[in-house]
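**Student:** Protein chains in written order, with the working numbering: chain A, 77 to 288; chain B, 77 to 288.
Protein chains: 2
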Amino acid sequence: MSQPDTKERILDVAEELFARQGFHATSLRAITGAAEVNLAAVNYHFGSKEALLDAVFERRLTPLNRERQARLDAVQAVAATEGRPLRAEEVLRALIEPTLRLYESGPGASSFILLVGRALSGSDELVRQTFLQHMGALFALLLDLLGQALPQLPRNQLFWRLQFALGATGHALRWAGGGLELPGGFTQPPSVEELIDMVVGFSAAGMEAPCP
Amino acid sequence: MSQPDTKERILDVAEELFARQGFHATSLRAITGAAEVNLAAVNYHFGSKEALLDAVFERRLTPLNRERQARLDAVQAVAATEGRPLRAEEVLRALIEPTLRLYESGPGASSFILLVGRALSGSDELVRQTFLQHMGALFALLLDLLGQALPQLPRNQLFWRLQFALGATGHALRWAGGGLELPGGFTQPPSVEELIDMVVGFSAAGMEAPCP
DNA sequence: GCACAATTTAAACGAACGTTTGATTTAATG
DNA sequence: CATTAAATCAAACGTTCGTTTAAATTGTGC
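Below, the structure is given as structure tokens:
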């Protein structure tokens with residue numbers, strides 16, 4: 077018999093299958109089968125399949141958002157004591173780095189990274205809405221801080237460039253989470269460090285592009 | 077009775093529903109119901125649901141890729157006659173602009189734009205594979221041209237930056253296709269022209285960022 | 001050890017899915 | 001008009017889905 081904690085085992089398997097196959101394409105029978113629990117366990121412990129999705133996000137996103145908030149606070153504090161304006165690069169890094177660093181916290185985390193990447197892309201509206209619900213007001217704060225870092229950029233341009241940065245980041249998360257296969261296999265995947273530097277550098281340069 | 081062309085009506089509806097709800101979440105009954113044709117019509121005319129997805133991509137992507145190829149050829153020719161190296165901005169524009177300009181070709185095209193945006197994000201592996209199959213060797217050509225435009229950039233960096241650019245572009249396509257709702261609604265959607273300029277400008281700046 | 005709640009189990013529910021069938025209608029051809 | 005192929009149709013196929021039920025099992029407090 078496996079470990080006794082049925083809820084955790086269900087969460088682990090659901091996280092992986094929701095990420096790799098999508099929410100709709102994953103059946104409760106596939107989840108409970110892989111988790112070696114009874115089919116009815118999901119409805120007993122979580123209530124429904126949708127509530128299970130919510131619990132998958134909740135488990136990881138609560139501590140992750142706490143860390144993101146702390147890093148954004150720290151970035152603001154450092155800029156204030158140094159008497160300089162915020163830099164777009166450090167704001168983006170405070171958002172992106174904790175997410176990709178989840179990769180180092182265990183084998184199951186890469187599935188969650190992939191799930192976030194796919195939630196960002198909004199292919200499944202239910203997954204995207206559940207994700208955004210857990211993100212709360214973080215996007216508004218992000219927009220505000222980037223507005224301070226790029227005061228010369230019109231609000232409209234700022235909003236869309238942030239969207240593009242999120243699009244690039246989501247793509248990076250999907251790669252890092254193993255959700256996309258390398259075409260031709262001619263390029264080896266980078267380390268987490270390198271990927272963070274690349275996507276932050278790319279996004280920061282895009283946001284700081286001269287206004288056309 | 078409606079128009080006689082059953083196949084076209086099925087393609088139109090399938091394009092819209094596959095884009096808005098996803099491939100797995102769209103049933104043949106929903107498609108045939110909205111198209112006002114018999115349930116068996118899909119299997120009769122296309123063979124299967126998967127073959128229908130293939131036909132949806134085929135109808136738009138064949139002429140679209142012809143135009144993309146022509147524009148990439150033109151960009152190379154102009155740079156050659158002017159005796160200067162390629163610019164990343166014009167290469168990216170040759171790829172992105174024809175796609176987003178589909179928006180002006182009719183009301184149904186926005187659904188296809190959304191579908192491409194979601195295929196790029198790879199949330200449904202079957203949709204992504206079908207899409208990539210129709211894209212053929214275009215990605216390899218793109219990588220080659222961008223390598224000419226940015227000769228100082230290591231091949232690895234180039235590959236990943238192109239991925240980020242595709243991620244940003246995919247996000248723009250999903251917005252333009254109406255697949256994502258504006259949060260808070262505080263920003264009005266831009267025109268197609270503006271969106272093209274913004275995403276091309278963002279991506280080109282990201283690709284040309286100094287090597288860290 | 002007994003009563004009681006929490007959990008797990010096997011089985012079944014109705015609904016929806018993609019696909020197939022065979023009859024029927026429509027269109028085209030000589 | 002008669003014949004034949006193409007297209008449409010209603011109906012059913014077997015499968016899988018999320019959810020529910022009620023009995024069986026396990027764990028807990030007295």
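Glycine is no exception: its CB is placed at the ideal position from the N, C-alpha and C atoms.
Can you list, in chain order, the residues of its chain whose CB lies under 8 Å from that of Pro174 (chain B), leaving out five sequence neighbours each side?
**Tutor:** As a working note, residue 174 (chain B) is residue 98 in the second sequence. Excluding residues within five positions, the ones whose Cβ falls inside 8 Å are Leu140, Glu143, Arg144 and Arg147.
**Student:** Quick test of your reading: Phe240 (chain B) and Ala248 (chain A), contact by CB under 8 Å. State the CB separation rounded to the nearest angstrom.
**Tutor:** Numbered from 1 along the second sequence, position 164 holds the residue referred to as residue 240 (chain B). Numbered from 1 along the first sequence, position 172 holds the residue referred to as residue 248 (chain A). Their Cβ separation, rounded to whole angstroms, is 7 Å, which keeps Phe240 (chain B) and Ala248 (chain A) in contact under 8 Å.
**Student:** Is the stretch 220 to 240 of chain A in contact with the stretch 111 to 129 of chain A, if contact means three or more CB pairs nearer than 8 Å?
**Tutor:** No, the stretch 220 to 240 of chain A does not touch the stretch 111 to 129 of chain A.
**Student:** What does the Cβ neighbour count give for Arg105 (chain A), buried or exposed, with the cut at 16 atoms within 10 Å?
**Tutor:** In the first sequence, residue 105 (chain A) corresponds to position 29, counting from 1. Exposed, because fewer than 16 other Cβ atoms sit within 10 Å of the Cβ of Arg105 (chain A).
**Student:** So does the stretch 152 to 169 of chain B actually touch the stretch 225 to 232 of chain B, counting three or more Cβ pairs closer than 8 Å?
**Tutor:** Touching, per the Cβ criterion.
**Student:** Three-state secondary structure (DSSP) at Glu112 (chain A)?
**Tutor:** As a position in the first sequence, residue 112 (chain A) is number 36, starting the count at 1. Three-state result, Glu112 (chain A): coil.
**Student:** In whole angstroms, what is the alpha-carbon distance linking Ala155 (chain B) and Leu208 (chain B)?
**Tutor:** On the second sequence, residue 155 (chain B) is found 79 positions in, with the first residue counted as 1. On the second sequence, residue 208 (chain B) is found 132 positions in, with the first residue counted as 1. So the alpha carbons of these two residues sit roughly 28 Å apart.
**Student:** Should Gly98 (chain B) go down as buried or exposed, given a rule of 16 or more other Cβ atoms within 10 Å for buried?
**Tutor:** Indexing the second sequence from 1 puts residue 98 (chain B) at position 22. Looking at its Cβ environment, which holds 16 or more other Cβ atoms inside 10 Å, Gly98 (chain B) is buried.
**Student:** With a threshold of 8 Å between beta-carbons, can Gly184 (chain A) be considered close to chain B, or not?
**Tutor:** As a working note, residue 184 (chain A) is residue 108 in the first sequence. False, the Cβ-Cβ gap to chain B never drops below 8 Å.
**Student:** My understanding is that Val167 (chain B) touches Val151 (chain B), with C-beta atoms under 8 Å, so please give their C-beta distance in whole angstroms.
**Tutor:** By one-based count along the second sequence, residue 167 (chain B) stands at place 91. By one-based count along the second sequence, residue 151 (chain B) stands at place 75. Indeed, because the Cβ distance is near 6 Å, the residues count as touching under 8 Å.
**Student:** Can you tell me whether Gln205 (chain A) is buried or exposed, with buried defined as 16 or more other CB within 10 angstroms of its CB?
**Tutor:** Position 129 of the first sequence holds residue 205 (chain A). Looking at its Cβ environment, which holds fewer than 16 other Cβ atoms inside 10 Å, Gln205 (chain A) is exposed.
**Student:** Since Leu190 (chain A) and Gly255 (chain A) are thought to touch, with beta carbons under 8 Å apart, how far apart are those beta carbons, to the nearest angstrom?
**Tutor:** To locate residue 190 (chain A), count along the first sequence from 1; it is residue 114. To locate residue 255 (chain A), count along the first sequence from 1; it is residue 179. Yes, they are in contact, since the Cβ atoms of Leu190 (chain A) and Gly255 (chain A) sit about 4 Å apart, within 8 Å.
**Student:** Leaving out five residues before and five after Leu128 (chain A) in sequence, what residues of the same chain have Cβ atoms less than 6 Å from its Cβ?
**Tutor:** Position 52 of the first sequence, counted from the first residue, corresponds to residue 128 (chain A). If we look at Leu128 (chain A) and ignore the five residues flanking it on each side, its Cβ neighbours are Ala90, Val118 and Phe122.
**Student:** Thinking just about the alpha-carbon of each residue, which of B:Gly109, B:Ala153 and B:Leu137 is nearest to the one in Arg85 (chain B)?
**Tutor:** Locating residue 85 (chain B) in the second sequence gives position 9, where the first residue counts as 1. It is B:Gly109.
**Student:** Taking just the CA atoms, how far does Phe278 (chain A) sit from Ala116 (chain B)?
**Tutor:** Residue mapping note: residue 116 (chain B) aligns to position 40 of the second sequence, counting from 1. Residue mapping note: residue 278 (chain A) aligns to position 202 of the first sequence, counting from 1. Spanning the two alpha carbons is a distance of roughly 49 Å.
**Student:** Any idea if Gly212 (chain B) is buried or exposed, counting beta-carbon neighbours within 10 angstroms, 16 or more meaning buried?
**Tutor:** Taking the second sequence and counting its residues from 1, the one referred to as residue 212 (chain B) is at position 136. Classification for Gly212 (chain B): exposed.
**Student:** Apart from the five residues on each side of it in sequence, which residues of its chain come closer than 6 Å, Cβ to Cβ, to Ser187 (chain A)?
**Tutor:** Position 111 of the first sequence holds residue 187 (chain A). Taken in chain order, the residues that qualify are Glu91, Glu92 and Ala95.
**Student:** Strictly below 7 Å CB to CB, what residues from chain A border Thr123 (chain B)?
**Tutor:** Sequence index remark: in the second sequence, residue 123 (chain B) carries index 47 (1-based). Residue identity check: residue 123 (chain B) is Gly in the sequence provided, not Thr. Near Gly123 (chain B) there are no residues of chain A at all, since even the closest Cβ is about 21 Å away, more than 7 Å.
**Student:** Taking only runs of the alpha helix (DSSP H) that begin and end inside the stretch 194 to 270 of chain A, which ones reach a length of at least 4 residues, in chain order?
**Tutor:** Runs found: 201 to 211, 214 to 225 and 231 to 252.
**Student:** Report yes if the CB atom of Val276 (chain A) is closer than 8 Å to the CB atom of Glu165 (chain A), and no otherwise.
**Tutor:** On the first sequence, residue 276 (chain A) is found 200 positions in, with the first residue counted as 1. On the first sequence, residue 165 (chain A) is found 89 positions in, with the first residue counted as 1. Cβ distance < 8 Å, so Val276 (chain A) and Glu165 (chain A) count as in contact.
**Student:** Against chain B, does Val192 (chain A) count as a neighbour if the rule is that its beta carbon must be under 8 Å from one of theirs?
**Tutor:** In the first sequence, counting from the first residue as 1, residue 192 (chain A) sits at position 116. Cβ-Cβ to chain B under 8 Å: no for Val192 (chain A).
**Student:** Between Ala244 (chain A) and chain B, is the shortest Cβ-Cβ distance under 8 Å, so that the two count as touching?
**Tutor:** Mapped onto the first sequence, residue 244 (chain A) falls at position 168. Yes, Ala244 (chain A) lies at the interface with chain B (some Cβ there is under 8 Å from its Cβ).
**Student:** What in chain A is Cβ-close to Gln233 (chain B), meaning under 8 Å?
**Tutor:** Position 157 of the second sequence, counted from the start, is the residue given in the question as residue 233 (chain B). Within 8 Å Cβ-Cβ: Met274.
**Student:** Would you kindly report the start and end of the unbroken alpha helix (DSSP H) that includes His100 (chain B)?
**Tutor:** In the second sequence, the residue the question calls residue 100 (chain B) occupies position 24. First-last for His100 (chain B): undefined, no H or E at that position.
**Student:** Spell out whether any CB of chain B is found under 8 Å from the CB atom of Ser103 (chain A).
**Tutor:** Against the first sequence, residue 103 (chain A) aligns to sequence position 27. Cβ-Cβ to chain B under 8 Å: no for Ser103 (chain A).
**Student:** At least one CB of chain A closer than 8 Å to the CB of Gln239 (chain B): is that the case?
**Tutor:** Residue numbering aside, residue 239 (chain B) sits at position 163 when the second sequence is read from its first letter. Answer yes: the Cβ-Cβ gap between Gln239 (chain B) and chain A drops below 8 Å somewhere.
**Student:** Taking 7 Å as the limit between beta carbons, can you name the residues of its chain near Thr82 (chain B), skipping five residues before and five after?
**Tutor:** Indexing the second sequence from 1 puts residue 82 (chain B) at position 6. If we look at Thr82 (chain B) and ignore the five residues flanking it on each side, its Cβ neighbours are Val113, Ala117 and His121.
**Student:** The stretch 245 to 256 of chain B: which residues have C-beta closer than 8 Å to a C-beta of chain A, in chain order?
**Tutor:** Against chain A - using a Cβ distance shorter than 8 Å - the residues of the stretch 245 to 256 of chain B are Thr245, Gly246, His247, Ala248, Arg250, Trp251, Gly255 and Leu256.
**Student:** DSSP state of Arg147 (chain A), grouped into three classes?
**Tutor:** Position 71 of the first sequence holds residue 147 (chain A). Of the three classes helix, strand and coil, the one that applies to Arg147 (chain A) here is helix, per DSSP.
**Student:** Would you kindly work out how many angstroms separate the C-alpha atoms of Ala101 (chain A) and Lys125 (chain A), rounded to a whole number?
**Tutor:** On the first sequence, residue 101 (chain A) is found 25 positions in, with the first residue counted as 1. On the first sequence, residue 125 (chain A) is found 49 positions in, with the first residue counted as 1. Distance between the alpha carbons of Ala101 (chain A) and Lys125 (chain A): 12 Å.
**Student:** What is the DSSP secondary structure of Arg142 (chain A), reduced to helix, strand or coil?
**Tutor:** On the first sequence, residue 142 (chain A) is found 66 positions in, with the first residue counted as 1. Note: Arg142 (chain A) maps to helix in three-state DSSP.
**Student:** Against Asp81 (chain A), what residues of chain B qualify as contacts under a CB-to-CB distance less than 9 Å, listed in chain order?
**Tutor:** Here the question's residue 81 (chain A) lines up with position 5 in the first sequence. Going along chain B, no residue has its Cβ under 9 Å from Asp81 (chain A), so there is no contact; the nearest lies around 30 Å.
**Student:** Does the beta carbon of Asp220 (chain A) sit closer than 8 Å to a beta carbon anywhere in chain B?
**Tutor:** If you number the first sequence from 1, residue 220 (chain A) lands on position 144. No - not a single Cβ of chain B is within 8 Å of the one on Asp220 (chain A).
**Student:** Contact criterion: CB-CB distance below 8 Å. Does Pro266 (chain B) meet it with respect to chain A?
**Tutor:** Residue 266 (chain B) sits at position 190 when you count from the first residue of the second sequence. Yes, contact with chain A.
**Student:** Cβ closer than 7 Å: which chain B residues qualify as neighbours of Phe278 (chain A)?
**Tutor:** If you number the first sequence from 1, residue 278 (chain A) lands on position 202. Near Phe278 (chain A) (Cβ distances below 7 Å), the residues of chain B are Arg237, Phe240, Gly282 and Ala285.
**Student:** Would you identify the three-state DSSP class for Ala106 (chain A), choosing helix, strand or coil?
**Tutor:** One-based indexing of the first sequence puts residue 106 (chain A) at position 30. Three-state result, Ala106 (chain A): helix.
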